[in-house]
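Data first, discussion second: the structure below is written as structure tokens.
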Amino acid sequence: MSVAPDTCPHIDAIATVRGPAKRECEECVKIDGWWVHLRVCQQCGAVLCCDSSPNRHATKHAHASGHPVIASGERGERWLYCYPDDAFVEY
Ligand SMILES: [Zn+2]
Ligand SMILES: [Zn+2]
Ligand SMILES: [Zn+2]
1278 MSVAPDTCPH IDAIATVRGP AKRECEECVK IDGWWVHLRV CQQCGAVLCC
1328 DSSPNRHATK HAHASGHPVI ASGERGERWL YCYPDDAFVE Y
């Protein structure tokens, strides 16, 4: 993926964006929780919920695992976000 030079190497290294395998937060379903939007970890493919959701599983996962980049898992949204670089890229 070609991005502006001031963005991050993690997003730059992504050739194919991973979409959500399921349209549900895999952590919320375990605890009978609910979510607002879905995000997809680009390192391991985990489908997790956004920061507007009560449990913020995508952000927790990024901090706990060190996986830097998520994509939106919402239909019609095409963007990537890198936590360590705070970089947002539409594709
Ligand atoms: Zn990065
Ligand atoms: Zn969740
Ligand atoms: Zn991950």
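1278 is the number of the first residue of the sequence shown in the numbering used here; add one for each residue after it.
Yeah, the Cβ is synthetic: ideal placement off N, Cα and C, and Gly gets one too.
Keep in mind that this is a model prediction, so the values were computed, not measured.
Exercise. What is the residue span of the beta strand (DSSP E) that Ala1348 lies within?
Worked result: 1346-1349
For this session: Thinking Pro1347 and Arg1300 are a contact (beta carbons under 8 Å), I'd like their distance in whole angstroms, please.
Result: Note on identity: in this sequence residue 1347 is Ile, with Pro being the wrong assignment. That pair is no contact at about 15 Å.
For this session: Look up Ala1335 in the DSSP assignment and say whether it is helix, strand or coil.
Result: helix
Exercise. Would you say the beta carbon of Ser1342 comes nearer than 7 Å to a heavy atom of ligand 3?
Worked result: yes
For this session: List the whole-angstrom C-beta distance separating Cys1318 from His1344, where the pair is believed to meet the contact cut-off of C-beta under 8 Å.
Result: 5 Å
Problem set entry | Quiz: which residues have CB nearer than 6 Å to ligand 2 non-hydrogen atoms | In chain order, the qualifying residues are Cys1302, Glu1304, Cys1305, Gly1310, Trp1312, Leu1325, Cys1326, Ser1330, Asn1332, His1334.
Exercise. Which residues count as close to ligand 1 when the rule is a CB under 7 Å from any of its heavy atoms, in chain order?
Worked result: Cys1285, Pro1286, His1287, Ile1288, Pro1345, Val1346, Cys1359, Pro1361, Asp1362, Ala1364
Problem set entry | DSSP beta-bridge partners of Gln1364 | The question names Gln, but residue 1364 is Ala in the sequence shown. Its beta-bridge partners are Cys1359.
Exercise. In whole angstroms, what separates the C-alpha of Thr1284 from that of Thr1336?
Worked result: 19 Å
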